[in-house]
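Student: To start, I am sharing the structure in question, which I have written as structure tokens.
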Amino acid sequence: MSRNAARLIGVGMTRLNPKPVPSPSRLMQQALDAALGSIPGVGLKDISGLIAIPSLAKPHFMEAHYFATQVGLLPAKHVQCRTIDTGGAGPVAALLSAQRMVAEQGLDLVAVVAGDAVKGLDSAEFLRRADATCEVDEGDVVKVENSKTMEPLPSPVIPNGYDRVAQYQMQQYGLTRSQLAAVSALMSIMASKHPYALTRTPRTVKDVLEAQLVAPVTSVLECARRADGGAALLVASTRFLERRGLDPGLGVVVVGGGEASGPLYPPSVGGITEDMFSCEEAAEQAYREAQVGVRDIDFFGLYDCFPICLIRAVEAVGLCGKGKGGLYIEHKYQEILFRLANDPNFKPQEVFPINTHGGLQAFGAPWEVPAMYNIIEAFHQLTNTAGDRQVANARRALVYGNGGIFSHSAVAILGNGRY
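Counting from 1, one number per residue, gives the positions in the sequence shown under full-length UniProt numbering.
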């Protein structure tokens with residue numbers, strides 16, 4: 001393996017919803033401290049690249065430069081800083097960018113940080129800010145021949161945007177309301193196994209269906225669970241590890257990745273087509289670069305801000321056929337319920353090695369941070385440190401982040417080298 005091969009060597013995260021609520025920058029710093037503290041002899045001064053994901057609660061111009069200045073990395077001419085704003089896809093896009101900074105630009109150690117405190121915002125203020133992220137000023141819209149109708153979304157904008165796609169999937173492929181609700185119920189089972197998850201007690205499909213609606217086919221229990229928290233990743237070259245006397249096989253390798261984009265938000269339900277979705281393209285790129293297929297993946301960390309996102313993700317990465325995602329989730333949920341009823345010690349990951357931490361639906365979602373948790377969970381699975389959530393013989397993992405309302409997709413494939 002090249003001495004410039006990029007390895008994810010350390011991860012760190014804060015507890016969710018700490019009190020008093022720290023600033024997003026402070027949450028990032030706490031997570032970075034935890035990541036650095038996990039590697040003996042490695043400290044802040046070793047970082048030669050920093051990538052940051054912007055926050056909603058307290059955003060800063062050039063977030064990475066701001067953070068690097070606050071923690072003392074800047075000024076320093078050898079330190080490269082980069083802010084990546086592709087919504088919830090940002091952490092996976094940042095991981096891929098860090099991999100390139102190490103493998104192609106020769107940097108030794110790149111940190112990726114993300115943190116937000118959206119739970120600490122007043123609910124009305126959070127809604128105002130979240131709605132504003134998908135606003136399009138009428139004067140800015142350029143009419144393009146054959147373009148789809150940009151029908152304004154009512155508040156709450158983001159839930160209603162995903163709801164449009166859910167309705168499209170119901171009309172186009174026969175997705176059912178109960179299958180959507182099964183995503184939330186299934187994620188709550190997975191979250192109940194993670195000590196940091198906000199959701200401690202599994203919920204049922206009935207609970208989800210009876211919860212207050214926020215959009216025509218979306219209840220409050222099907223929205224990403226708002227939270228405060230931070231997370232950090234450390235990506236290093238093999239050369240750096242050798243120079244520090246560390247195991248050159250430490251952590252996991254970023255073996256492939258891909259990105260693709262869609263529109264900022266969907267057109268009217270009748271105007272939605274498969275052309276607006278980009279996860280499949282990003283996954284194909286990642287599989288191609290890694291020279292593997294879906295059967296080679298042992299763990300999946302798939303974005304699930306709303307049920308339709310996970311349903312389309314299992315289709316896009318190849319776990320089931322087009323339009324069959326709802327049925328796939330429903331069958332897995334029913335199988336897990338049956339197995340648990342007959343064996344309380346049954347481990348859900350044996351039949352569903354996806355989002356073993358509980359995902360955005362149940363683990364917790366500090367705005368654009370959550371794909372970091374997908375990556376961190378993949379890291380633990382591949383390094384055999386996931387405890388009761390461990391997937392047996394996990395060798396490769398696929399992680400997916402989704403930005404906006406299916407506006408950007410980033411997919412990375414990680415491997416531990418034990419194939």
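Ideal Cβ positions, reconstructed from N, Cα and C, are used throughout, including at glycine.
Small disclaimer: the values here were computed from a predicted structure and weren't measured.
What does the alpha-carbon distance come out to for the pair LEU16 and ASP388?
Tutor: Each residue's alpha carbon lies about 20 Å from the other.
Student: Nearest by alpha-carbon distance to GLU330: which of GLU350, PRO307 and PRO344 is it?
Tutor: It is PRO307 whose Cα lies nearest to the Cα of GLU330.
Student: Extract the residue ranges of the beta strand (DSSP E) inside the UniProt domain "Thiolase C-terminal" (277 to 416), only unbroken runs of 3 or more that lie entirely within it.
Tutor: Those beta strand (DSSP E) runs which fall completely within the UniProt domain "Thiolase C-terminal" (277 to 416) and span 3+ residues are 299 to 301, 396 to 403 and 408 to 415.
Student: Are three or more beta carbon pairs between the region 285 to 292 and the region 256 to 275 nearer than 8 Å?
Tutor: The answer is yes - the region 256 to 275 touches the region 285 to 292, with three or more Cβ pairs under 8 Å.
Student: Using a Cβ-Cβ cutoff of less than 8 Å, which residues in the same chain neighbour LYS58 once the five nearest sequence positions on both sides are dropped?
Tutor: These residues qualify, in order along the chain: SER23, PRO24, SER25 and ALA117.
Student: Tell me the DSSP secondary structure of THR86 in three-state form.
Tutor: Of the three classes helix, strand and coil, the one that applies to THR86 here is strand, per DSSP.
Student: Could you check the C-alpha separation between ASN384 and PRO348 for me, to the nearest Å?
Tutor: Distance between the alpha carbons of ASN384 and PRO348 is about 17 Å.
Student: Applying the criterion that 16 or more other CB atoms from any shown protein chain within 10 Å of the CB defines a buried residue, is LEU213 buried or exposed?
Tutor: With fewer than 16 Cβ atoms within 10 Å of its Cβ, LEU213 is classed as exposed.
Student: Indicate the three-state DSSP secondary structure (helix, strand or coil) for THR218 in the structure shown.
Tutor: If DSSP states are grouped into helix, strand and coil, THR218 belongs with the strands.
Student: Leaving out the 5 sequence neighbours to the left and right, which residues in its chain are closer than 6 Å to ALA224 when beta-carbon positions are compared?
Tutor: Hits under 6 Å: CYS305, LEU360 and ALA365.
Student: From which residue to which residue does the beta strand (DSSP E) around VAL252 run?
Tutor: Note, VAL252: beta strand (DSSP E), 252 to 261.
Student: If we ignore side chains and look at the alpha-carbon of each, how far apart do LYS77 and ILE336 end up?
Tutor: Each residue's Cα considered, the two are about 54 Å apart.
Student: Just to confirm, is the Cβ distance from GLY318 to ALA197 under 8 Å?
Tutor: Their beta carbons are not under 8 Å apart, which means GLY318 does not touch ALA197 by this criterion.
Student: Under a Cβ-count criterion, where at least 16 other Cβ atoms within 10 Å of its own Cβ denotes burial, should ALA392 be classed as buried or exposed?
Tutor: It counts as exposed.
Student: Tell me, which residues are paired with ASP116 by DSSP?
Tutor: The partner list for ASP116 (beta bridge, DSSP) reads GLY229.
Student: Would you say the beta carbon of ALA181 comes nearer than 7 Å to a heavy atom of the ligand ZN?
Tutor: The ligand ZN is absent from the structure shown, which contains no ligand whatsoever.
Student: With C-beta atoms as the reference, is LEU36 less than 8 Å away from GLY43?
Tutor: Contact: yes.
Student: Is the distance from the Cβ of GLY301 to the Cβ of GLU377 below 8 Å?
Tutor: It is a contact, given that the beta carbons lie within the stated cut-off.
Student: Which residue's Cα is closest to the Cα of SER417: LEU382, TYR400, GLN390 and VAL411?
Tutor: The question names Ser, but residue 417 is Gly in the sequence shown. Cα-wise, what sits closest to GLY417 is LEU382.
Student: Determine the contact status of VAL235 and ILE413, defining contact as a CB-CB distance below 8 Å.
Tutor: The answer is no: Cβ separation not under 8 Å.
Student: Do ILE272 and TYR168 have their CB atoms nearer than 8 Å?
Tutor: Contact flag set, yes.
Student: Rounded to whole angstroms, what is the Cα-Cα separation between GLN99 and ARG7?
Tutor: If you take the alpha carbons of GLN99 and ARG7, they lie about 8 Å apart.
Student: Roughly how many angstroms lie between the CA atoms of GLU145 and ALA316, to the nearest whole one?
Tutor: The predicted position of GLU145 is uncertain, since its pLDDT is 46 and thus under 50; a value taken from the coordinates is nonetheless stated next. Straight-line Cα distance between these residues: approximately 29 Å.
Student: Assign PRO370 to one of two classes, buried (16 or more other C-beta atoms within 10 Å of its C-beta) or exposed (fewer than that).
Tutor: Classification of PRO370: buried, given that the 10 Å Cβ count is 16 or more.
Student: DSSP on ALA111, reduced to helix/strand/coil?
Tutor: DSSP places ALA111 in strand when its eight states are reduced to three.
Student: Can you tell me whether DSSP reads LEU50 as helix, strand or coil?
Tutor: Three-state result, LEU50: strand.
Student: What are the boundary residues of the alpha helix (DSSP H) that ALA191 is part of?
Tutor: 177 to 191 is the span of the alpha helix (DSSP H), which, as asked, contains ALA191.
Student: LEU36 lies in the alpha helix (DSSP H); which residues open and close that run?
Tutor: Taken as a continuous stretch (DSSP letters only), the alpha helix (DSSP H) holding LEU36 covers 24 to 37.
Student: Quick check: the Cα distance between GLU104 and LEU127, rounded to an integer number of angstroms?
Tutor: Their Cα atoms are separated by approximately 41 Å.
Student: Report all residues from its chain with a CB closer than 6 Å to the CB of CYS134; omit the five preceding and five following residues, and keep chain order.
Tutor: Excluding sequence neighbours, CYS134 sits near VAL157 and TYR265.
Student: Less than 8 Å between C-beta atoms, sequence neighbours within five positions excluded: which residues of the same chain meet that for VAL79?
Tutor: Answer for VAL79: ILE47, SER48, GLY49, LEU50, ALA68 and LEU73, listed in chain order.
Student: Got a sec? Which residues, its chain only, sit under 8 Å from SER178 by beta carbon, not counting five neighbours each side?
Tutor: Result list for SER178: VAL205, LEU209 and GLU330, in chain order.
Student: Using only the alpha-carbon positions, how far apart do MET190 and PRO75 sit?
Tutor: Answer to the nearest angstrom: the Cα atoms are 43 Å apart.
Student: Helix or strand or just coil, what does DSSP make of GLY12?
Tutor: It is a strand residue.
Student: Near PHE240, which residues of its chain fall below 7 Å by C-beta distance, leaving aside the five closest residues on each side in sequence?
Tutor: Correct list, in chain order: ASP108 and LEU109.
Student: Roughly how many whole angstroms lie between the Cα atoms of MET101 and ALA124?
Tutor: Distance between the alpha carbons of MET101 and ALA124 is about 40 Å.
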